[in-house]
Amino acid sequence: MRAIRRDLENVKTAMRNLEGKRMLLEINRGRNKIDKFEGVISKLYPAIFTVTEDSGKQQSYSYNDILSRNIKIYNAK
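Take any residue in the sequence shown, count from 1 to its spot, add 110: that is its number in this note's numbering.
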């Protein structure tokens with residue numbers, strides 16, 4: 111239990127460093143459906159963070175999605 115909490119805090123700390131930066135996100139939607147898009151990590155909340163896509167659409171994701179590797183975040187080129 112402690113290791114999970116510590117890892118979650120590490121993810122939140124890493125996300126604080128990425129706030130406001132343009133990133134490439136790879137989202138695993140299941141059944142071999144993978145979405146890739148570029149966006150700005152706009153806001154951070156205690157349980158979720160929001161990403162604004164180039165089209166202006168905003169999506170929210172959980173920090174646990176990063177821990178479970180359903181979301182991968184890369185630097186945008």
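Beta carbons: idealized from backbone N, C-alpha and C, even for Gly.
Q) Using the beta-carbon count (16 or more within 10 Å), is lysine 187 buried or exposed? A) Position 77 of the sequence shown holds residue 187. Lysine 187 is exposed by the Cβ-count criterion.
Q. Once you ignore the five residues that flank serine 152 on each side, which residues in its own chain have a CB closer than 6 Å to its CB?
A. As a working note, residue 152 is residue 42 in the sequence shown. These residues qualify, in order along the chain: Thr160, Thr162.
Q: Work out the CA separation of arginine 139 and glutamate 129 for me, nearest whole Å.
A: Along the sequence shown, read from residue 1 onward, the residue named residue 129 stands at position 19. Along the sequence shown, read from residue 1 onward, the residue named residue 139 stands at position 29. It is roughly 23 Å from the alpha-carbon of glutamate 129 to the alpha-carbon of arginine 139.
**Q.** Environment of tyrosine 173 [buried if 16+ CB atoms lie within 10 Å]
**A.** One-based indexing of the sequence shown puts residue 173 at position 63. By the neighbour-count criterion, in which 16 or more other beta carbons inside 10 Å mark a residue as buried, tyrosine 173 falls on the buried side.
Q: Using the DSSP secondary-structure output, state which residues sit across from arginine 132 in a beta bridge.
A: The residue given as residue 132 occupies position 22 in the sequence shown. Val150.
(Q) Using CA atoms only, rank isn't needed, just tell me which of Arg179, Lys122, Asp145 is closest to leucine 134. (A) On the sequence shown, position 24 is the one that residue 134 refers to. Distance from the Cα of leucine 134 is smallest, within the candidate group Arg179, Lys122, Asp145, for Asp145.
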